[in-house]
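Just remember that my numbering sits 1370 ahead of the position in the sequence shown, which is counted from 1.
Okay, structure first, notes after.
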Amino acid sequence: MKVFTAVRPLLHLFAYYPLLLLMVAGLLTLVCGGFLAEYDAFHQVWHESPITGVTNGLLVAFILGLVTMSVRLADDHAAKKSGGHTLPDWSYRVSWGLLLIVAASPMAWKRTIPLDGVPDFPAWRWWFPAGLAAMAAVYFVGLRLFPKTLRSTPRAGAGVLAGLGVGYAGMLAVHTFIPDAYCPYFTASVSFLLLLAFVTAGVGAVTYLTLNRSRWLYPALLAVVVLPFLFPQNQIENRLPNMTDAATGRSYYDTPARLAAYPLPPASVPAELPDTDSLVQWNERMKDEFGSPQPLVIVTCSGGASASAIYTADVLFTLETYCPGFSKRIRLVTGASGGMLGAAYFVSQLRDGGRIAAAHASAEYRAYLELLRRRVSPTDPKFVDAETTYRGVMAGIRDDFFKGLEADFLGPLVQKWVHKDIPLSPFGLLSRVDARFGQTANDRGAALERAWAAHQSTDANPALDVPFRALQAEEMAGTLPSLVFTPMMVEDGRQLIVSNLDLGYMVETGKRPDVTAGKPDAFSYMAVEFAKLFPNAADFKLSTAVRMNASFPLFSPAAALPTDPVRHVVDAGYYDNYGTAAAAKWLLHEPNHRFLAGKYADEKDLAGKEPEVMLLRIRCFADQHTGSTIPTTPELERYAGRDLTGTELEPTAEAWAKAPDGRPAVRTEGGLFTVTAPLSGLFAAWRANMVYRADERLASVLREYKKEVPNRTGKPLRVRVTEYPLVCLTEPSLNWVLTRRDIAAIHHDVARDLVSRFELANFYNGRGSNPDPTVAVAPTLQPAPMTKGPDPKRTEQTAKFVQDAEEKRAELGKGPRADALTPAQNRSLAAQTDLVSRLSQLPLAKPTAPTTAPP
1371 MKVFTAVRPL LHLFAYYPLL LLMVAGLLTL VCGGFLAEYD AFHQVWHESP
1421 ITGVTNGLLV AFILGLVTMS VRLADDHAAK KSGGHTLPDW SYRVSWGLLL
1471 IVAASPMAWK RTIPLDGVPD FPAWRWWFPA GLAAMAAVYF VGLRLFPKTL
1521 RSTPRAGAGV LAGLGVGYAG MLAVHTFIPD AYCPYFTASV SFLLLLAFVT
1571 AGVGAVTYLT LNRSRWLYPA LLAVVVLPFL FPQNQIENRL PNMTDAATGR
1621 SYYDTPARLA AYPLPPASVP AELPDTDSLV QWNERMKDEF GSPQPLVIVT
1671 CSGGASASAI YTADVLFTLE TYCPGFSKRI RLVTGASGGM LGAAYFVSQL
1721 RDGGRIAAAH ASAEYRAYLE LLRRRVSPTD PKFVDAETTY RGVMAGIRDD
1771 FFKGLEADFL GPLVQKWVHK DIPLSPFGLL SRVDARFGQT ANDRGAALER
1821 AWAAHQSTDA NPALDVPFRA LQAEEMAGTL PSLVFTPMMV EDGRQLIVSN
1871 LDLGYMVETG KRPDVTAGKP DAFSYMAVEF AKLFPNAADF KLSTAVRMNA
1921 SFPLFSPAAA LPTDPVRHVV DAGYYDNYGT AAAAKWLLHE PNHRFLAGKY
1971 ADEKDLAGKE PEVMLLRIRC FADQHTGSTI PTTPELERYA GRDLTGTELE
2021 PTAEAWAKAP DGRPAVRTEG GLFTVTAPLS GLFAAWRANM VYRADERLAS
2071 VLREYKKEVP NRTGKPLRVR VTEYPLVCLT EPSLNWVLTR RDIAAIHHDV
2121 ARDLVSRFEL ANFYNGRGSN PDPTVAVAPT LQPAPMTKGP DPKRTEQTAK
2171 FVQDAEEKRA ELGKGPRADA LTPAQNRSLA AQTDLVSRLS QLPLAKPTAP
2221 TTAPP
């Protein structure tokens, strides 16, 4: 009987209090990893930081205690009203304890699977349960010290509600009037749980008052929560910062650009760089730097928040480390979301005062480069010492470099969201408060930009915290790659092209033949250019372009552009998550193609080299490379009877293809398929339109560039376009903050695959000392020139270091051998092998005189 009495409060919770049950179910699902799993919400609660983990435990226990207290209040009221018996106090404490046990249960059954070679951090499992236990201890100690207050449930409930209200209002005021405010101890999970505690206390109060002859409170609560969102005038306008017209000194929001007049440019001096002229200047720069024309490199990177940012930056940093001068060959960088954060940050560090620029100006770099150019034997002690010293410099730069990408960017964003955007947004107050205090964009998007600036900027180099136009002169001089951002506009699904290049040809789908003079001749407009709309926005920052390109509502706001009619921009991944479309348009642009297939190809041919475009397709998540698999992921999981990781999809499809006949066909539609089919179809079309359209454009590029064009002497030439799909084989979470283990796994993936291959490639090409001292030193193989036909020596050499690279990779953290990987993963490894094989032969840049000191 006592057992039944002990769980009766929980039975009442299930039977009588649906709103409170919803709070408990949602919270426990989050705590147990069943909610927002793809964003790794589990590790945001079970945090690896002792302070945050314990705080989360305290807050979760507090929220569950609020629910238990609310149930007791409601039960007492119902018992008095019906003349029944109230339950004993201990039953509610036992019920609270059972809820705490459920919250702590993942400690026993949920484990993080260790990766080979990547350290696990088991201590994180203890912090959150410690917080749960600490709150229970505080309560029972308080019960001894203040028995009257804690036993008087109405008084305790009123005090808790008042305290939460005052605290929440205080935080709201701080974030409203001090835009840069951020408390580092209020991480994303802490801010969210504080909000949940406030909402839980409010729901408990409403539940109690509703039972107390105030049943009108339920519809009133619904009206307060829902009705404000139904009126357009209550919607806030999240504006972009630094949108001032330099010519007039007025904000573009006061004089919005008229979209009805687009694509006619304003009557002002064009602000963009001529695209092909920049390409020509880049080619001249390459001839000055390397003595001959160089392969043109285009980088495309996929979205994926911090994981993609770190992986993209690590790939580019590694290529620059092991192929000094690689970054100088990059002409164009485009992509989506976090990938473009990592790429833009990498580009920013190539500028004066940047970490990579400082390393390039160091005496160690110049000494190492000089020995490489003189082809000094890698076994020479001078070379070994110079290489070791140079690697030490790059290792030191690397540590500081990645600190700017590995920080917690989710905490500031969620803190501003919870303590300012959410409470004010339904009532249309945010824009008025901002305007009153001169802040036009004090929101979570701006908080993300400020977080980047805080962790990435130095006195010598502000990283992303610079005007976008500040890159223009270096792009035109050919010393800096051109960045192309392509966020999507919500209202019409078009891209917003943000670049210093004149990319007007990316706006139109094509020209109509034989149109009437003066009439529009474009089939349609698939994009608009930022610089055409706002030609004098000289203060518009690079960080804002990155943020617009990575705006995934609700985490980041859909910022409003100062246009008439208003347009809102969201993540580039809504339109093209891989950046392939923009890169393909650039390559297919007739003047660019004409130059590459003409003068550029002639000059390469005169130098005895094949004209070449290297397309690096950097993708962080392995499951993004499964476009060739017809069954979808849900269908593969239904066939397998379990959830599958990205690395298991293709093997499952292969096993399915070979399975014997006789089993029923797999079906994934549910009972509400008739209702959900339209929405499911929209999502399927979105993904198909993005993935297959990108591959189709790439295929068009390859077909066009395979055509032979006669040079000035009549000799047929063609430009070779080689794509290199580089895919991370680990599966990090999609989040603006990663665990140390996720970060280590990403870096380990690059070291295991790309670095190990580079070490061997450089060794066999005479550009590196023996990568493994336990292996006997082999005769140095000098690089053979790239020719149009097969080179037996090169083929044998490549095969040798490919074999060694696989063995080296297997030894490094016991990584899987090639025969244990999926076809998509093997394609990525083959691409990395081909890439480093090619880069290890390229000419080296001339050492430059020091111009900057390391930051």
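For every residue, glycine included, the Cβ atom is placed at its ideal position computed from N, Cα and C.
Span of the alpha helix (DSSP H), counted from its first residue to its last, around Q1414: Membership of Q1414 in the alpha helix (DSSP H) is indicated by the continuous run 1411-1415.
Hey, would you say G1949 sits closer than 8 Å to T1670, going by beta carbons? Taking 8 Å as the Cβ cut-off, G1949 and T1670 qualify as a contacting pair.
For A1407, which option in L2104, S2210, L1742 has the closest C-alpha, if you only look at C-alpha atoms? A1407 has its Cα closest to that of L2104, out of L2104, S2210, L1742.
Three-state class that DSSP yields for D1946 in the structure shown: D1946 falls in the coil class under three-state DSSP.
Return the CA-CA distance between H2079 and V1650, expressed in angstroms with no decimal places. Checking the sequence, you will find Val at residue 2079 rather than His. Each residue's Cα considered, the two are about 19 Å apart.
Considering only residues of the same chain and omitting the five flanking positions on each side of T1879, which have a CB-CB separation below 6 Å? Cβ neighbours of T1879 beyond the five flanking positions: F1893, S1894, M1896.
L2212 versus S1697, V1511, L1866, V1573, residue with shortest Cα-Cα distance: Ranking S1697, V1511, L1866, V1573 by CA distance to the CA of L2212 puts S1697 first.
Curious, which full-length beta strand (DSSP E) runs of at least 3 residues does the stretch 1872-1937 contain? With a minimum length of 3 residues, the continuous beta strand (DSSP E) runs that stay inside the stretch 1872-1937 are 1897-1899, 1929-1931.
Do the CB positions of G1724 and S1678 come within less than 8 Å of each other? No, the pair does not count as a contact, with Cβ atoms beyond the cut-off.
Determine the contact status of R1378 and S1452, defining contact as a CB-CB distance below 8 Å. Remark: C-beta atoms of R1378 and S1452 do not approach each other more closely than 8 Å.
Taking the alpha helix (DSSP H) that I1471 falls in, what are its first and last residues? Per DSSP, I1471 belongs to the alpha helix (DSSP H) from 1459-1474.
Between F1660 and A2215, is the Cβ-Cβ spacing less than 8 Å? Against a cut-off of 8 Å, the Cβ pair of A2215 and F1660 comes out as a contact.
With DSSP collapsed to three states, give me the class of Y1681. Three-state DSSP puts Y1681 in a helix.
Assuming the contact rule is C-beta atoms closer than 8 Å, V1667 and L1986 should be a hit. Round their C-beta distance to whole Å, please. V1667 to L1986, Cβ: 7 Å. Contact.
By how many angstroms is the C-alpha of A1675 removed from the C-alpha of H1825? Their backbone Cα atoms lie some 16 Å apart in a straight line.
Considering only C-alpha positions, which residue in the set T1456, A1444, P1420, A1395 is nearest to L1434? For the residues T1456, A1444, P1420, A1395, the minimum Cα distance to L1434 belongs to A1395.
Within the stretch 1832-1864, note down every full beta strand (DSSP E) run reaching 3 residues or more, in order along the chain. Counting only runs of 3 or more residues that sit fully inside the stretch 1832-1864, the beta strand (DSSP E) segments are 1852-1855, in chain order.
Which residue marks the beginning of the alpha helix (DSSP H) containing E2005, and which one marks its end? That run of the alpha helix (DSSP H) goes 2003-2010.
What does V1868 pair with, by DSSP beta-bridge criteria? Residue pairing by DSSP places V1868 opposite F1855 in a beta bridge.
What's the gap between the Cα of P1935 and the Cα of P1927? If you take the alpha carbons of P1935 and P1927, they lie about 18 Å apart.
For A1376 and L1469, the rounded distance between their alpha carbons: Distance between the alpha carbons of L1469 and A1376: 12 Å.
Report the three-state DSSP secondary structure of I1548 (helix, strand or coil). Coil at I1548, not helix or strand.
Out of A1727, I1867, L1775, which has the shortest C-alpha to C-alpha gap to A1830? Closest option to A1830, Cα to Cα, is A1727.
CA-CA distance, H1861 and H1938? Before going on, a small fix: residue 1861 reads as Glu here, not His. Their backbone Cα atoms lie some 7 Å apart in a straight line.
Beta-carbon gap between L1834 and L1912 smaller than 8 Å: Yes. Within cutoff.
Mark A1765 as exposed unless 16 or more other C-beta atoms lie within 10 angstroms of its C-beta, in which case mark it buried. By the neighbour-count rule (16 or more Cβ atoms within 10 Å), A1765 is not buried but exposed.
Limits of the unbroken alpha helix (DSSP H) element including M1505: Start and end: 1494-1515.
Consult DSSP for V1424 and reduce its assignment to one of helix, strand or coil. Three-state result, V1424: helix.
Where are the alpha helix (DSSP H) runs, 4 residues long or more, that stay fully inside the stretch 1556-1584, in chain order? Those alpha helix (DSSP H) runs which fall completely within the stretch 1556-1584 and span 4+ residues are 1558-1581.
Quick check on E2093: does DSSP put it in helix, strand or coil? In this structure, E2093 counts as strand in the three-state DSSP scheme.
Could you tell me the alpha carbon to alpha carbon distance between P2155 and K1979, rounded to whole angstroms? For P2155, the predicted structure reports a pLDDT of 37, less than 50, and the residue's modelled location is therefore unreliable. The matter cannot be settled from this model.
Does the stretch 2090-2106 come close enough to the stretch 1542-1555 to have 3 or more Cβ pairs within less than 8 Å? Flag = no, the stretch 2090-2106 and the stretch 1542-1555 do not touch.
Just verifying my parser: in three-state terms, what is the DSSP assignment at I1668? Three-state result, I1668: strand.
Assigned exposure category for R1495 - 16 Cβ within 10 Å defines buried: The residue is buried, with at least 16 neighbouring Cβ atoms inside 10 Å.
Quick test of your reading: Y1387 and T1570, contact by CB under 8 Å. State the CB separation rounded to the nearest angstrom. Contact doesn't hold; Cβ gap of about 12 Å is too wide.
Rounded straight-line distance, which links the Cα of A1411 to that of F1562: Each residue's alpha carbon lies about 11 Å from the other.
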